[in-house]
Amino acid sequence: GSWALGLESTYNKRYKYSGTFQTNYQVTKSGDKNLPDYSEAKDLKVVWSHRQDPKASPNSSFSASVNFATSSYEKTNVGNYYNPQLSSQNTKTSSVSYSRNFPEQKLTLSGTFNIAQTMRDSSIAMTLPDLNVSLSRVFPFKRKKASGDERWYEKISLSYTGRLTNSIRTKDDLIFKSNLIKDWTNGMNHSVPVSATFTLFKYFNLTPSVNYTERWYTQKVMQDWNEERKNVLPVDTLYGFYRVYNYNASLGLNTKIYGMYKPLFAKAKEIQIRHVFTPQVSISAAPDFDASRYGYYETVTYTDSNGEPQVREYSPYTGSSFGIPGKGKQGNISFDMSNNVEMRMKSRSDSASSRKISLIDELGASISYNMAAETKPWSDLSLRLRLKLSKSYTFNLNSSFATYAYQFDKDGKVFVGNKTEWSYGRFGRFQGYGSSFSYTFNNGTWKKWQEGLDRLMGSKKTGEEDSKQEGADANSENSENEEQSASSSTSASTTTKKKVKVQADADGYQPFKMPWSLNFSYSFNIREDQSKPIHEQSMRYPYSYTHTLNMSGNIKISNRWSTNFNSGYDFATKEITQTTFTITRDLHCWNMTASVSPFGRWRSYNFAISASSSILQDLKWEQRSQMQSNIRWY
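In my numbering, the protein residues as written are 1144 to 1777.
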């Protein structure tokens, strides 16, 4: 008959590691032996979770999260009859990783083993291994015992990054029958950037750099024209050791220009305003790796249905682990400018000190020109803005303006031509913008807002009002003093017991606490609406706007009662988005949850009582409505 064997263990070595391990092996037989309907299935399942304590080894780490099973295990396992969710799982993922740092050598090694299973079709995607080697920035020509000024070659630095991958996608019963070279996709990537920074005329920084990348592959696929399918298809796979490399060089020059401004009005608190302007020019060059001497691209010549010869290009390394170098000769000149504006103000607490405020954290623009391009050498103009609105929030805005204008072809269709917008006396075409920001109100932030408003209005609290407003804090300090005195008396006499006093406000009552939070998030998007007709005079498409306001919040009424909500408003459709109100009650061993969605596209309600223990997560009673657009509430 059918039988199964299982093993489960939980291990924990203090300050070292901890984890759980579970394995099951089962043999399932159905039907009668020697009959056509007889079948026998052998299945295995391994679940392993391992965690290393960070204090065990500061320079190394090992972790595992394995959930592996043969494709028919969940279907034949009898235990899943009582838990249908397990038998309906479609995907399983497993990962084992290890990393090791060598601080003295500035070297880092890491390896990962990944498995992704699709139970529906018994397919498996495995990566074994995925190794990474990285060498931090080093100065190979720097003298160990330096004397005198630093030599120019001592400023040359380099780093290294290497990655080795070996992956396959197949059926789980064919994984051990696969060939490492023919069936697996493997390769290794090496990247070595070399750079240096020199100072010219005290104010200019010159930064030359060279980047070299090399890929190692074990196969390439040759293609040819297929007359039956009228397409270029693979015809042969060549196995061996193949190098695919590319390189580029760049030279950058930048400086900083400072401007100072001091307000003229005498009673101003500002000390001075500083403007930092950072222009930068860089040149980069790379050869055309489409050339035949590299062998990265091949051509196929065929005759089309009209009898005309045609040439189609392809790469034998398409689909490889680390791709192929791009086509086209590169000779870019890039221009970038950045602005920063800061203001120093006198400190309110100390007249001798000052504090710095960022007015514009960054306002910049960049554009490039490709000297090797035959058409459309200019890139789009990119603008960026960054504002520090508070210590915890920064507003970012990034947008681009197209350089080349729209034109009409002979059929009246719109396309991007070779003439710039500037040649028509117009600024670049705005491409669109999208941004979002959020803010959270809670007990702490609300108190800070009140304090800020009081300082702004110049209100001064009397001693009695201050004691009422900060009674809890003062009482807390008194409690700490009492605890310290109690601790001192305890050290002097072991018979004296330490007393812990309950905190109270200025009136002697226990302070009422109700933690709450309210989150607002706003998203805004603007883009060209090419579904509408273009304006022929300005050659601009109309813009479409979408912006949405989302809100969520929660209130903890007591230690066991809590409520939260989620809602929003779509300004484009002028409708309230999906809204949900939820109230939760902690019943010690049980949890009660009630939720209702009265607005939005889907209206529903749900009420559930479930066990608190994760082991008994399926022990629950639930009553819910069907998700529909219109329900009867009575």
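The beta carbon of each residue, even a glycine, is placed where N, CA and C say it ideally should be.
Buried versus exposed call for residue i [16 or more other C-beta atoms within 10 Å across all chains shown]
i     : result
K1235 : buried
S1464 : buried
P1283 : exposed
F1779 : Because the chain in this structure spans residues 1144 to 1777, residue 1779 falls outside the shown range and cannot be described.
D1363 : First, the residue type needs correcting, since residue 1363 is Lys and not Asp in the sequence shown. K1363 comes out buried.
G1587 : exposed
E1679 : exposed
V1387 : buried
I1510 : buried
W1327 : buried
Y1346 : exposed
T1361 : buried
M1796 : The question about residue 1796 has no answer, for the chain in this structure spans 1144 to 1777.
N1332 : buried
G1105 : The chain is shown only over 1144 to 1777; residue 1105 falls outside these bounds and no answer can be derived.
R1572 : buried
Y1382 : exposed
I1258 : buried
P1468 : buried
R1157 : exposed
Q1260 : buried
S1740 : buried
Rounded distance between the beta-carbons of residue j and residue i, thought under 8 Å
i     : j     : result
Y1582 : F1663 : 5 Å
I1318 : M1365 : The pair is not a contact, with the Cβ atoms about 27 Å apart (cut-off 8 Å).
K1249 : L1274 : In fact, because the Cβ distance is near 18 Å, the residues do not count as touching under 8 Å.
N1354 : F1420 : Not a contact, Cβ separation roughly 29 Å.
Y1154 : D1196 : That pair is no contact at about 13 Å.
S1237 : T1251 : So it is not a contact: roughly 24 Å between Cβ atoms.
R1703 : R1683 : With 8 Å as the limit, R1703 and R1683 do not qualify as a contact, their Cβ atoms being about 59 Å apart.
K1405 : F1341 : Not quite, the Cβ-Cβ distance comes to about 35 Å (not below 8 Å), so this is no contact.
T1356 : N1389 : 6 Å
Option in the options with minimal Cα separation from residue i
i     : options                    : result
H1418 : K1373, N1354, R1487        : R1487
I1476 : A1429, S1290, F1708        : A1429
N1397 : T1350, K1499, K1320        : T1350
A1737 : R1746, S1578, W1745, T1725 : T1725
S1681 : K1675, Y1549, F1580        : Y1549
S1522 : S1338, R1498, N1585, T1563 : T1563
T1722 : R1746, E1517, S1427, E1370 : R1746
E1718 : G1162, F1742, I1299        : F1742
V1557 : S1427, I1677, W1589        : I1677
R1767 : F1750, T1727, I1414        : F1750
T1446 : E1517, D1367, A1516        : D1367
G1330 : L1271, F1708, R1569        : L1271
M1657 : T1340, G1568, S1701        : S1701
K1470 : Q1453, M1480, Y1440        : Y1440
W1359 : Y1385, Y1567, K1489, L1376 : Y1385
C1732 : I1752, T1716, S1705        : I1752
C-alpha gap between residue i and residue j, whole angstroms
i     : j     : result
D1552 : P1336 : 45 Å
G1555 : I1267 : 51 Å
K1314 : T1213 : 10 Å
L1150 : G1466 : 44 Å
I1669 : Y1576 : 5 Å
K1763 : L1148 : 30 Å
Y1296 : K1531 : 40 Å
Q1169 : E1217 : 11 Å
D1186 : S1145 : 12 Å
S1200 : S1240 : 15 Å
E1765 : Y1748 : 11 Å
D1175 : A1184 : 14 Å
I1698 : T1166 : 44 Å
K1499 : K1399 : 19 Å
N1374 : E1451 : 15 Å
S1660 : Q1760 : 28 Å
N1202 : N1244 : 5 Å
F1714 : S1579 : 14 Å
K1198 : T1255 : 22 Å
G1438 : E1370 : 25 Å
V1281 : G1395 : 21 Å
W1592 : S1666 : 24 Å
A1515 : L1524 : 19 Å
S1687 : K1519 : 28 Å
T1720 : F1584 : 21 Å
Short CB-CB distance (under 7 Å) between residue i and chain B
i     : result
D1433 : Given the protein chain composition of this structure (a single chain), no chain B is represented.
May I ask you to verify whether the segment 1444-1462 touches the segment 1540-1554, counting CB pairs closer than 8 Å and requiring at least 3? Contact between the segment 1444-1462 and the segment 1540-1554 is absent: fewer than three C-beta pairs spanning the two stretches fall below 8 Å.
On the three-pair Cβ rule with 8 Å, is the segment 1284-1293 touching the segment 1303-1310? As far as the Cβ criterion goes, the segment 1284-1293 does not touch the segment 1303-1310, which means the pair count is below three.
Any contact between the segment 1502-1509 and the segment 1520-1540? By contact I mean 3 or more CB pairs, one from each, below 8 Å. For the pair of segments examined, the segment 1502-1509 was found to touch the segment 1520-1540: the number of CB pairs separated by less than 8 Å reaches three.
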